[in-house]
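Have a look at the structure below, then the notes.
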Amino acid sequence: RSGAFVIAPVYRTAGMFSQGVAPVAYDDLGHFHYTGDYQFGWSVMLGPPEIVKGRAFGCIDVNGKVRIPHEYDRIGYFHEGRARFRRGDKCGFLDLQGNEVIPALFDACADFVGGWAMVMIGDAIFYIDRDGRVCGRWE
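Quick note on my numbering: the sequence shown kicks off at 189 and runs consecutively.
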């Protein structure tokens, strides 16, 4: 209301706050673009724009404090205490403290809904729980 910045405008890219944190990225190249990366009727990577060389995603809290270091190619929004991340050509899941609770083993990941997330390895689609245990396969 005073017109003062709550969070300094130092990021080129910022997503919405979800569960108290937001994905943000610096951009050394001065540009970014969005993807339309959809498979099986669900978005593979919702939220932040596609990574370009020179960018690294992290997350900040509502006070602008870095909560998750800027070392990921992409970070999605948090759902049920988990956010998808991508490093190289694989994705996994972070918790709200920035721990990689499910390692980057998957070719594609969807958000958690009702305690389950869809993941893809090659052409195979699986359901995993919040601990990364495979609970079923999409046939």
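All residues carry an ideal CB built from backbone N, CA and C; glycine is no exception.
Next item on the list: Kindly indicate the opening and closing residues of the beta strand (DSSP E) around residue 195.
Entry: Per DSSP, residue 195 belongs to no beta strand (DSSP E) and is neither H nor E.
Notebook entry, point to check: If you run the structure through DSSP and keep just helix, strand and coil, what is residue 300?
Noted result: coil
Item checked: Distance, residue 326 Cα to residue 210 Cα -> 31 Å
Item checked: contact_flag[the segment 299-308, the segment 242-252] where n(CB pairs < 8 Å) is 3 or more -> no
Item checked: Cβ separation of residue 264 and residue 283, assumed to be a contact under 8 Å, to the nearest whole Å -> At roughly 13 Å, the Cβ-Cβ gap does not stay under 8 Å, so residue 264 and residue 283 are not in contact.
Next item on the list: Have a look at 276, 294 and 194 and flag the residue whose alpha-carbon is nearest the alpha-carbon of residue 248.
Entry: Among 276, 294 and 194, the Cα nearest to that of residue 248 is on 194.
Notebook entry, point to check: Which value, in whole angstroms, describes the spacing of the CA atoms of residue 206 and residue 266?
Noted result: 6 Å
Next item on the list: Spatial neighbours of residue 278 within its chain, please: CB distance less than 8 Å, with the 5 preceding and 5 following residues excluded, ordered by chain position.
Entry: 292, 293, 294 and 295
Next item on the list: Using the Cα positions of residue 289 and residue 324, report the straight-line distance between them to the nearest angstrom.
Entry: Approximately 19 Å between the Cα atoms of the pair.
Next item on the list: Could you tell me if residue 213 is buried or exposed, where buried requires 16 or more neighbouring beta carbons within 10 angstroms of its beta carbon?
Entry: buried
Check: When DSSP builds the beta bridges, which residues end up paired with residue 249?
Finding: 209
Item checked: Environment of residue 311 [buried if 16+ CB atoms lie within 10 Å] -> exposed
Next item on the list: Grab me the residues of residue 202's own chain with a C-beta within less than 7 Å of its C-beta, minus the 5 sequence neighbours each way, in chain order.
Entry: 210 and 212
Checklist line | Classification of residue 321 by the beta-carbon crowding that lies within 10 angstroms, buried from 16 upward | finding: exposed
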